[in-house]
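J.: Numbering (my numbering), first residue to last: -1 to 760.
Note that CB positions come from ideal geometry on N, CA and C, so glycine has one too.
The structure displayed is predicted, hence computed values, not measured ones.
1) What are the residues that DSSP puts in a beta bridge with residue 765?
2) If you draw a straight line from the C-alpha of residue 369 to the C-alpha of residue 375, how long is it?
3) With a Cβ-Cβ cutoff of 8 Å, do residue 259 and residue 450 count as a contact?
4) Are at least three pairs of beta-carbons, each pair with one atom in the segment 238 to 247 and one in the segment 200 to 211, less than 8 Å apart?
5) When burial is assigned at 16 or more other CB atoms within 10 Å of the CB, is residue 413 buried or exposed?
6) Check residue 343 in the structure and name its three-state DSSP category.
7) What is the DSSP secondary structure of residue 236, reduced to helix, strand or coil?
8) So what does DSSP say about residue 66, is it helix, strand or coil?
9) At which residues does the alpha helix (DSSP H) containing residue 406 begin and terminate?
10) Do three or more CB pairs link the segment 153 to 161 to the segment 129 to 142 at distances below 8 Å?
11) Among residues of its own chain, excluding the 5 on either side of residue 361, which ones have a beta-carbon nearer than 7 Å to its beta-carbon?
12) Using alpha carbons as the reference points, say which of 97, 68, 388, 395 lies closest to residue 262.
13) Should residue 10 go down as buried or exposed, given a rule of 16 or more other Cβ atoms within 10 Å for buried?
14) Considering Cα atoms alone, identify which of 734, 757, 690 is closest to residue 710.
15) Touching or not, the segment 268 to 283 and the segment 97 to 111, by the rule of three or more beta carbon pairs under 8 Å?
16) Apply the 10 Å Cβ neighbour rule to residue 31 and answer buried if 16 or more other Cβ atoms are within range, or exposed otherwise.
17) Quick check on the DSSP output: the beta strand (DSSP E) that includes residue 828 runs from which residue to which?
18) Could you tell me which residues DSSP pairs with residue 361 in its beta bridges?
19) Tell me residue 648's beta-bridge partners as DSSP assigns them.
20) Mark residue 251 as exposed unless 16 or more other C-beta atoms lie within 10 angstroms of its C-beta, in which case mark it buried.
21) Tell me where the alpha helix (DSSP H) around residue 694 begins and ends.
22) Have a look at residue 84 and residue 74 and give me their C-alpha separation to the nearest angstrom.
23) Would the C-beta of residue 174 count as close to the ligand MG, meaning under 7 Å from any of its heavy atoms?
24) Going by CA-CA distance only, name the one from 548, 64, 282, 621 that's closest to residue 657.
25) Considering Cα atoms alone, identify which of 403, 392, 440, 391 is closest to residue 415.
26) Should the segment 75 to 94 be called in touch with the segment 112 to 122, which here means at least 3 C-beta pairs below 8 Å?
27) Quick check: what's the CA-CA separation for residue 427 versus residue 534?
28) So, at 8 Å on beta carbons, what are the nonlocal neighbours of residue 719 in its own chain, with the 5 sequence-adjacent residues on each side left out?
29) Please confirm if the segment 734 to 742 is in contact with the segment 697 to 707, defined as three or more CB-CB distances below 8 Å between the two stretches.
30) Straight-line CA distance for residue 8 to residue 257?
31) With DSSP as the reference, label residue 747 as helix, strand or coil.
32) For residue 177, is the classification buried or exposed, using 16 other Cβ atoms within 10 angstroms of its Cβ as the cut-off for buried?
33) Run the CB neighbour count on residue 282, radius 10 Å, all protein chains shown included, and call it buried at 16 or more, exposed below.
34) Could you give the C-beta distance for residue 182 and residue 202, rounded to a whole number, given that I count them as a contact under 8 Å?
35) Looking only at DSSP bridge pairs, what is residue 453 linked to?
36) Would a C-beta distance cut-off of 8 Å place residue 225 and residue 147 closer than the cut-off?
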């Protein structure tokens, strides 16, 4: 399955190399270079989900994580690791835990499953980082004994240096240099070789030239011995600590799984980076044998021309045409798309639907086998034999230059037989060839379709555009003419070809001309469609702007209404404060009556919903309802029934029980306002039907306040009959209001128990 030779022929190793260049760790590079296609649909879908999560969910950052497998293996063998190696372990495992936290915080789901392989190494990392410096050296406080030894070593070194520094003047005439130096971990003086006997001490070392001996004066021998002992103890403690730290790594069983998961995540991150860099897209699964690629291109060729490729009912596509026209590139484009998809990678196409195949069978390129004494043709036959042996419904067949390398007639016959064998095996794929008989065979054979690559004769250059349904022309004579071959030679060539060959070339030329004309018409139709879409888009933008303007106006109106309401509320509060003054109360009440009439006048008229022809009463008319002794405005007309707004109450009455209210004639011929508040008629009727108890009681209290101030009495309180609850509660209130002199029911013909007459003290 997926032989290495097939992967090589399709340039897939170059894709793996590009993937490895985008890996952040050595673990990931190794995983990228070992990538192979899978034929498990569930695995492919899962890996594509992981790439999608890395593209749009989690930004995987794996820098600073080292390949510590070899270090971990040595620790498992009981070997002691260096401080720098342990520091790499700490940084790598800490980075792995950081990646795990990032995935849990941002993953859309797919990478969460992968992150389960990242272990918790917090104790090991904490111990390593607390014991080691950034340079990989053990800190003084890595252990109490190490701290004690180092605190003793440094003062001792200082004492030795001080004592030797004091000896410099004494031995100045025999010293090679007036310095204190270190040889074999002991502090010494550089003495001239010819005068070394003059210094009381031990020769520790000599220079390469023999001109200088490094002598340890007797005065510091005991101190140097003590320093050596302490240093040996320090080295032993350092080794003990490093052994302990190495053992922590050896005992952490989760490390191998963490490293394997890091390699997997690095591979996923590299796939996502390649998808961004190469502008790749995710392929969708399709039924077996159905391939649909839109604007597919070869991912390894910069600026490659995109083509549409489809296989389904067309099981085999036969591409013919001149050399260097892009036939092989098109064939490899499909093969790479299948391989990349089945490696859990995005593909180089704007849209792709691909099945999962069990193998890609390939015969591409000229190949000779000197060792096996095989010619190019024989090598092709060997590959074609293998293709026929393995071909079936779950395979993709990619054969380049079928029938080449031998006699054209025999090659065409053999090629036709091979194609028939592939069709019988229900395989899918692309075949390229130069053989003219195969073009006619494709016209007559179900499941096999002609295709060609575009070629511009005027410039002798290919367009690399795939033209499905049209066989390719060789253009041999046309190219020869453009290259300057004599006209006589070209005419003779046409004669040798014969009328049948010329007829086919003319037919192909005619088909090509028709295709160009259809392409021009299609382009004009596309241009018209784009103009229509642009106009539609503009209309939608205009509509959106109008809706936005409407919303702005509504918001502005609401704001103004809120401001008016706030002003009105403030006026009411101000008038109530002024009404506390008995002398100002009549004037305040008159102003309040004026505000109420102004508000009623400013209220917008209800929209006319229905108009009764010939009837003077319409929606919006001012009418009087004698049964209620009140006037109001018609809100709705429902046949013979009218809905009338009487104060705060809406009532439904018959048409014949309503009288049209005649407008009062204006007096004074439009006299100008003089600034004096005119006393308005006080409305003694109070409509409380339909109100809640608290609201009705407040309306009644306000009415009594105004009537008392304006000396208006009696009041007609309309509360309705119902179950008598509102009537009883309002009368309970009337008993408590000291401004009420008396109250009683209205006459039977004036409302009876539904109306209470209230006499106010004046």
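T.: Put simply:
1) Nothing can be reported for residue 765, as the shown portion of the chain is limited to -1 through 760.
2) Confidence at residue 369 is low in this model, with a pLDDT of 42, below 50, so its placement is unreliable and the value that follows should be read with caution. The alpha-carbon atoms of residue 369 and residue 375 are separated by roughly 15 Å.
3) no
4) no
5) buried
6) coil
7) helix
8) coil
9) 406 to 422
10) no
11) 378, 381, 382, 385, 397, 398
12) 97
13) buried
14) 757
15) no
16) exposed
17) As displayed, the chain neither begins before -1 nor continues past 760, which places residue 828 out of reach and without an answer.
18) 397
19) 643
20) exposed
21) 691 to 708
22) 13 Å
23) In the structure on display, the ligand MG does not appear, and there are no ligands present to speak of.
24) 621
25) 440
26) yes
27) 42 Å
28) 725, 750, 751, 752
29) yes
30) 32 Å
31) helix
32) exposed
33) exposed
34) 6 Å
35) 460
36) no
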